[in-house]
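To keep things clear, I will list the structure first and then write my remarks on it.
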Amino acid sequence: MANGRSSTSTCPQRRDCSWEILHDYRKCVLPTVESGLILLRKEIQSDQNRDHDQSSRKHGRKKTFMKIPFAGGCACGAIRYECTAEPILMFKCHCRDCQKLTSGGFAPAVIVPAQAFRLTRGQLRYHFTPSIGRGKHKRGFCPECGSLVTGGEFEEQSKSVGILAGTLDDPSWFQPQMDIFVSDAQPWDQMDPAIPKFGQYPP
Ligand SMILES: [Zn+2]
Ligand SMILES: [Zn+2]
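This note's numbering numbers the first residue of the sequence shown as 56 and each following residue consecutively.
In structure tokens, the structure reads:
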């Protein structure tokens, strides 16, 4: 979209993210993102050689490690998906639309290449929210149970798909590398001070 705004996003109160736009910003944030991924891989390697029991007890829950391919699905099981590639980026989006759609403080997003993602069961229904990035943000949910499963796509073909981390069969490996749309974040929404924060998109 040439002007980057649709007629539905003219209201200044109605701000939304469009996660795919982060592809464009990836050049700017690449050092952070890349070093984040390198750190993640180092952590995986070192943790694989370590006894996990101690950290599991400390945090009260067990962190596991990403295995490719990985799978997930909605709450009722009508939707199942598989991804055969490593995530491009992981982040939390705190925009109001993500709050509404997740009924929580943020959407935990795992961005993967579109060609590596496929549904193995069921068909998603889509809800569109206006995006300040471009056009409309396409959100996929289960028509049976209402679980929000995907985001970050557009009306036209997108190069990437965002998976909501809570739908992963093993969500414990989700490791956000940044917080976006923190201008919309709620006061009760506690964030990790160690990762970069952006009012909307990264500059
Ligand atoms: Zn379902
Ligand atoms: Zn959002």
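In this text, a Cβ means the ideal position worked out from N, Cα and C, and glycines have one as well. Note that the structure is a prediction, hence the values are computed from the model and not measured.
Work out the CA separation of residue j and residue i for me, nearest whole Å.
| i | j | result |
| --- | --- | --- |
| R189 | K122 | 33 Å |
| A240 | G132 | 31 Å |
| A162 | H192 | 13 Å |
| G160 | D244 | 6 Å |
| M246 | A130 | 26 Å |
| E141 | P242 | 33 Å |
| E208 | K214 | 8 Å |
| L144 | I218 | 11 Å |
| R151 | T175 | 30 Å |
| I187 | Q255 | 10 Å |
| G177 | E199 | 10 Å |
| L223 | E211 | 25 Å |
Could you tell me the boundaries of the alpha helix (DSSP H) in which residue i lies?
| i | result |
| --- | --- |
| L219 | First-last for L219: S215 to L219, but that is the beta strand (DSSP E), not the alpha helix (DSSP H). |
Quick one: what's residue i bridged to in DSSP?
| i | result |
| --- | --- |
| C138 | F125 and F172 |
| M145 | V165 |
| F183 | K193 |
| K252 | D234 |
Can you tell me whether DSSP reads residue i as helix, strand or coil?
| i | result |
| --- | --- |
| H192 | strand |
| D234 | strand |
| K155 | helix |
| P226 | helix |
Could you give the residue range of the beta strand (DSSP E) that holds residue i?
| i | result |
| --- | --- |
| G207 | L203 to E208 |
Q.
Using 8 Å as the cut-off, can you tell me whether the region 231 to 240 makes contact with the region 170 to 179, which would need three or more C-beta pairs spanning the two stretches below that distance?
A. no
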